[in-house]
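**Q**
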Amino acid sequence: MSRTPVPWEEEECLEYYGMVSLHRLFEVVGAQLTPSDVTVLSFLLDETHPGSHPLDPELWGGGDDESSSLLEKWNRRRRRRRSGNREEERARPRNGVELLLELERRGFCDEGNFRHLLQLLRVLTRHDLLHCVTLKRPRTVSPERFTCGPAVVGSCLNAAAAQPRQEQWETGSSSGKRKRTSRSRGRTRPPLPRRSPPPPPQDPPAKVTCDIRLRVRAELCEHDAVLRRSVTSRRPRGPGRQLDVFGQASGVLKSRDLGSILCDIKFSELSYLDAFWGDYLNGSLLEALKGVFLTEGLRRAVGREDVRLLVSVDQDDYEEGRRLLLAAAAARDAPAAPQKRQRGGG
Numbered sequence: 001m002s003r004t005p006v007p008w009e010e011e012e013c014l015e016y017y018g019m020v021s022l023h024r025l026f027e028v029v030g031a032q033l034t035p036s037d038v039t040v041l042s043f044l045l046d047e048t049h050p051g052s053h054p055l056d057p058e059l060w061g062g063g064d065d066e067s068s069s070l071l072e073k074w075n076r077r078r079r080r081r082r083s084g085n086r087e088e089e090r091a092r093p094r095n096g097v098e099l100l101l102e103l104e105r106r107g108f109c110d111e112g113n114f115r116h117l118l119q120l121l122r123v124l125t126r127h128d129l130l131h132c133v134t135l136k137r138p139r140t141v142s143p144e145r146f147t148c149g150p151a152v153v154g155s156c157l158n159a160a161a162a163q164p165r166q167e168q169w170e171t172g173s174s175s176g177k178r179k180r181t182s183r184s185r186g187r188t189r190p191p192l193p194r195r196s197p198p199p200p201p202q203d204p205p206a207k208v209t210c211d212i213r214l215r216v217r218a219e220l221c222e223h224d225a226v227l228r229r230s231v232t233s234r235r236p237r238g239p240g241r242q243l244d245v246f247g248q249a250s251g252v253l254k255s256r257d258l259g260s261i262l263c264d265i266k267f268s269e270l271s272y273l274d275a276f277w278g279d280y281l282n283g284s285l286l287e288a289l290k291g292v293f294l295t296e297g298l299r300r301a302v303g304r305e306d307v308r309l310l311v312s313v314d315q316d317d318y319e320e321g322r323r324l325l326l327a328a329a330a331a332r333d334a335p336a337a338p339q340k341r342q343r344g345g346g
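Each residue of the sequence shown is one higher than the one before, starting from 1 at the first, in full-length UniProt numbering.
(1) Kindly indicate which three-state DSSP category G112 falls into: helix, strand or coil?
(2) Taking only runs of the beta strand (DSSP E) that begin and end inside the segment 239-291, which ones reach a length of at least 3 residues, in chain order?
(3) Here's the rule: buried if 16 or more other CB atoms are within 10 angstroms of the residue's CB, otherwise exposed. What is T48?
(4) So, with DSSP's three-state summary, where would you put E15?
(5) Going by other Cβ atoms of all chains shown within 10 Å of its Cβ, with 16 needed for buried, is Y17 buried or exposed?
(6) Do R122 and S42 come within 9 Å of each other at the CB atom, strictly closer than that value?
(7) Which residue's Cα is closest to the Cα of F114: K254, H23, T39?
(8) Return the bridge partner residues of D224 from the DSSP annotation.
(9) Give me the Cα-Cα distance between V40 and Q32, rounded to the nearest whole angstrom.
(10) With a 10 Å radius around its C-beta and 16 neighbouring C-beta atoms as the bar for buried, classify R228 as buried or exposed.
(11) When you compare the CB positions of L273 and C210, do they come within less than 9 Å of one another, or not?
(12) Using a Cβ-Cβ cut-off of 7 Å (strictly less than) and excluding sequence neighbours within five positions of S312, which residues of its own chain qualify?
(13) For C156 and G96, I'd like the C-alpha separation in whole angstroms.
(14) Run the CB neighbour count on D306, radius 10 Å, all protein chains shown included, and call it buried at 16 or more, exposed below.
(15) Is it buried or exposed, V245, if we count other Cβ atoms within 10 angstroms and call 16 or more buried?
(16) Rounded to whole angstroms, how far is the Cβ of S230 from the Cβ of R241, which I believe are closer than 8 Å?
Here it is in structure tokens:
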């Protein structure tokens with residue numbers, strides 16, 4: 001007797017294969033797009049991939065009366081658009097999620113084609129979002145802080161302080177020994193057995209470190225008005241017009257980029273690495289860097305236009321660094337366990 005297969009829900013199927021839906025990807029990427037990003041991407045989308053309007057006569061067919069009526073409405077709408085009464089302002093995407101949904105509606109983004117979305121993000125120089133454009137479910141990372149308690153710190157300090165006293169007990173002589181030696185100088189002492197030389201001190205193990213790459217970039221915010229004044233193309237719609245518009249927009253955005261910094265930060269303690277990652281997630285790192293990069297001199301140089309700061313840290317660097325430091329901590333603690341068992345048995 002064969003059982004009818006139970007159909008899986010979409011979320012259960014995606015969870016099983018470790019993937020996310022396309023609209024969940026839109027939510028992740030769209031939530032990180034600023035209003036200025038949405039404005040610029042909407043402009044580029046309208047210029048390079050214009051969507052067809054329902055009143056476009058090319059999409060309708062029928063009798064001559066119906067076609068002429070639609071054509072008249074279409075021409076009336078185009079005249080209003082040229083006169084400056086833009087109806088597109090009300091229909092423009094209000095946030096990043098609506099923008100990506102509009103890109104999907106126009107047929108330029110689906111589960112197997114992210115080329116146009118990646119191209120738009122590169123023109124916008126939002127390279128920190130490129131790794132988010134994937135249907136693979138991201139690995140869950142918990143920035144739990146690794147702390148060293150007072151008992152562990154005390155034992156480490158006591159062990160360090162006890163080592164010189166042990167060497168002094170082995171190599172030096174006590175006051176009782178000196179008194180007995182002074183009283184028995186007249187007598188000859190038997191030769192002491194030769195002690196084997198102590199083993200040479202072992203070199204301390206090399207310190208394990210990890211590198212975390214930090215990207216910091218400052219740029220002007222109000223791109224929309226500048227792009228509308230500067231980006232124009234007389235070419236007809238097609239690949240040539242798209243390349244022309246993208247080239248002009250990329251040049252304008254690069255000229256408004258105030259500079260970027262890439263720095264590799266070395267961490268040798270797991271607690272410091274976790275604290276750094278936690279500050280990056282909750283926004284404390286961004287607020288701290290604003291006081292360093294967004295100086296009064298920079299604000300005076302750019303005038304009244306707002307300046308924003310973008311900070312990016314790669315999650316793969318954090319996970320790899322955490323793995324290295326955890327392995328190093330386990331290797332340091334491993335030799336101490338057999339010594340404690342041996343002392344307890346003796």
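Just so it is clear, CB atoms sit at the ideal spot from N, CA and C, and this is done for glycine as well.
**A** Quick look at the numbers:
(1) Stepping through the sequence shown from its first residue, residue 112 is reached at position 112. Assignment of G112 by DSSP, reduced to helix, strand and coil, places it in the coil class.
(2) Here the runs fully enclosed are 257-267.
(3) Position 48 of the sequence shown holds residue 48. Buried, by the Cβ-count rule.
(4) Numbered from 1 along the sequence shown, position 15 holds the residue referred to as residue 15. In this structure, E15 counts as helix in the three-state DSSP scheme.
(5) Taking the first residue of the sequence shown as 1, we reach residue 17 at position 17. The residue in question, Y17, is exposed, as its Cβ has fewer than 16 Cβ neighbours within 10 Å.
(6) Walking along the sequence shown from the start, residue 42 turns up at place 42. Walking along the sequence shown from the start, residue 122 turns up at place 122. Contact flag unset, no.
(7) Here residue 114 corresponds to residue number 114 of the sequence shown, with the count starting at 1. The shortest C-alpha separation from F114 is found at H23.
(8) By 1-based counting over the sequence shown, the position of residue 224 is 224. For D224, which the question treats as bridged, DSSP gives no partner whatsoever.
(9) Residue mapping note: residue 40 aligns to position 40 of the sequence shown, counting from 1. Residue mapping note: residue 32 aligns to position 32 of the sequence shown, counting from 1. Answer to the nearest angstrom: the Cα atoms are 14 Å apart.
(10) Numbered from its first residue, the sequence shown carries residue 228 at position 228. The residue in question, R228, is exposed, as its Cβ has fewer than 16 Cβ neighbours within 10 Å.
(11) Working through the sequence shown from its first residue, we reach residue 273 at position 273. Working through the sequence shown from its first residue, we reach residue 210 at position 210. For L273 and C210, yes; Cβs fall inside 9 Å.
(12) Within the sequence shown, numbered from 1, the residue matching residue 312 stands at position 312. Non-local C-beta neighbours of S312 in its own chain, meaning closer than 7 Å and more than five positions away in sequence, comprise D128, R215, ordered along the chain.
(13) Position 156 of the sequence shown, counting from 1, holds the residue named residue 156. Position 96 of the sequence shown, counting from 1, holds the residue named residue 96. Since pLDDT at C156 reaches only 42, below the 50 mark, its modelled position is unreliable, and the value read off the structure follows with that caveat. Between C156 and G96, the C-alpha separation is close to 52 Å.
(14) Within the sequence shown, numbered from 1, the residue matching residue 306 stands at position 306. D306 is exposed by the Cβ-count criterion.
(15) On the sequence shown, residue 245 is found 245 positions in, with the first residue counted as 1. Per the 10 Å Cβ criterion, buried.
(16) The residue you call residue 230 lines up with position 230 of the sequence shown. The residue you call residue 241 lines up with position 241 of the sequence shown. Incorrect: roughly 16 Å between the Cβ atoms, too far for contact.
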